[in-house]
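Residue numbers (our numbering): 2 to 389.
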Ligand SMILES: [Mn+2]
């Protein structure tokens with residue numbers, strides 16, 4: 002049985018976008034850098050014969066040269082495993098690429114940027130062809146797989162590529178008909194950081210996703226794919242691709258409704274009700290604060306985040322609540338204060354937009370009214386993504 006581990010988008014060296022203090026930023030960067038070591042441990046555990054890395058292994062602009070040296074030494078610890086790398090848009094094969102700075106051990110193939118090339122595996126009962134292609138630059142608009150066909154359809158055919166399943170893209174567009182016409186059995190893709198597997202015209206097409214979440218957008222499980230092929234000489238029918246979670250930490254989302262809350266202590270307790278202490282201390286949390294909040298509460302979001310530094314490994318508070326201003330006294334035409342005239346004028350514009358059926362404009366006007374009231378009453382505007 003042939004076992005393949007498929008990964009991509011390690012992004013070693015990537016600057017982080019999590020809310021983290023200096024020390025935890027260091028910890029998290031190391032966790033991302035060492036992701037490759039945990040993947041190689043997994044390769045050893047599984048006795049996988051092939052390791053596929055579909056690009057963005059490191060950041061051309063930020064990675065430390067010594068990390069790439071260490072990666073080369075790491076691969077020399079699995080001499081029985083064939084390692085294939087197809088560089089992507091973050092680690093393209095530019096003349097000063099770190100790919101050229103080390104001597105890769107004999108079991109490693111870094112695919113060149115001079116068109117799709119093939120490596121045939123024949124030893125140890127593996128009857129497989131691996132095709133790959135490295136990016137020469139940060140952008141790749143040409144659909145380079147157009148017209149591509151495998152040379153030996155009788156074998157297991159793998160295509161390793163950093164690309165975008167789209168009709169048009171600046172990140173190497175791969176169309177469904179390129180896949181359908183290729184005759185390949187397995188497409189090991191990188192670029193999209195969410196793990197996903199699908200069947201396109203009989204081919205198994207997989208984005209392994211990033212092994213570790215790299216930002217707050219990477220919500221949910223992350224890991225690698227373990228691909229097994231039970232046929233003797235390969236072929237599409239024998240392939241199964243299983244997602245294996247591996248990330249040390251997870252990006253989690255929680256919503257906290259602040260409606261009806263009227264003291265700061267209650268807000269703190271509500272935020273501390275998400276997850277459990279262990280998950281709070283381990284993971285990266287996005288907490289949306291929603292509902293209608295009493296305007297007198299004077300919520301200091303930066304202060305709150307600081308207060309919870311020991312409770313959450315990383316915490317992003319997303320203000321989505323509205324301050325529950327009492328608009329009634331402002332509607333009285335006798336009231337000629339700036340606030341009252343502002344609110345009445347915006348309500349007029351909002352109603353007009355609604356009559357014209359322009360819901361988007363009505364929502365924008367409503368938001369503008371609350372922003373205006375924030376500015377007039379709180380002296381500061383709390384930007385929100387959404388008003389309920
Ligand atoms: Mn990437």
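Positions of the beta carbon are idealized from the N, C-alpha and C atoms, including for glycine.
Please name the residue or residues paired with residue 30 in a DSSP beta bridge.
In the DSSP output, where bridge partners are listed per residue, residue 30 has none listed.
Where the beta strand (DSSP E) through residue 372 begins and ends:
Element bounds for residue 372: not the beta strand (DSSP E) but the alpha helix (DSSP H), 360-379.
Going by other Cβ atoms of all chains shown within 10 Å of its Cβ, with 16 needed for buried, is residue 346 buried or exposed?
exposed
Using a Cβ-Cβ cutoff of less than 7 Å, which residues in the same chain neighbour residue 1 once the five nearest sequence positions on both sides are dropped?
Nothing can be reported for residue 1: it is not among the residues displayed for the chain, which extend from 2 to 389.
Integer Cβ distance of residue 159 from residue 181, believed to fall under 8 Å:
Contact flag wrong, Cβ pair sits at about 16 Å.
Looking at C-beta atoms only, is the number of pairs between the segment 253-264 and the segment 274-293 that lie closer than 8 Å three or more?
yes
Can you tell me the Cβ-Cβ gap for residue 318 and residue 294, rounded? I've got them flagged as a contact below 8 Å.
Incorrect: roughly 13 Å between the Cβ atoms, too far for contact.
Please list, in chain order, all residues of the same chain as residue 75 whose beta carbon is under 8 Å from its beta carbon, the five residues on each side excluded.
37, 38, 41
Let me check one thing: in DSSP terms, what residues is residue 398 bridge-paired to?
Residue coverage of the chain in this structure runs from 2 to 389, which leaves residue 398 outside it and unanswerable.
Taking the alpha helix (DSSP H) that residue 285 falls in, what are its first and last residues?
First-last for residue 285: 285-291, but that is the beta strand (DSSP E), not the alpha helix (DSSP H).
Take the Cβ of residue 29 as the centre, count every other Cβ of all protein chains shown within 10 Å, and call the residue buried at 16 or more, exposed below.
buried
Using the C-alpha atoms, what's the distance from residue 360 back to residue 328?
21 Å
In or out: residue 69 buried (at least 16 other Cβ within 10 Å) or exposed?
buried
Using alpha carbons as the reference points, say which of 141, 374, 311 lies closest to residue 281.
311
Sorry if obvious, but does the Cβ on residue 57 come closer than 7 Å to a heavy atom of ligand 1?
yes
Report, in whole angstroms, the separation of the C-beta atoms of residue 114 and residue 94, which I expect to be a contact under 8 Å.
5 Å
Just to confirm, is the Cβ distance from residue 77 to residue 134 under 8 Å?
no
Contact check, residue 383 vs residue 296, beta carbons under 8 Å:
no
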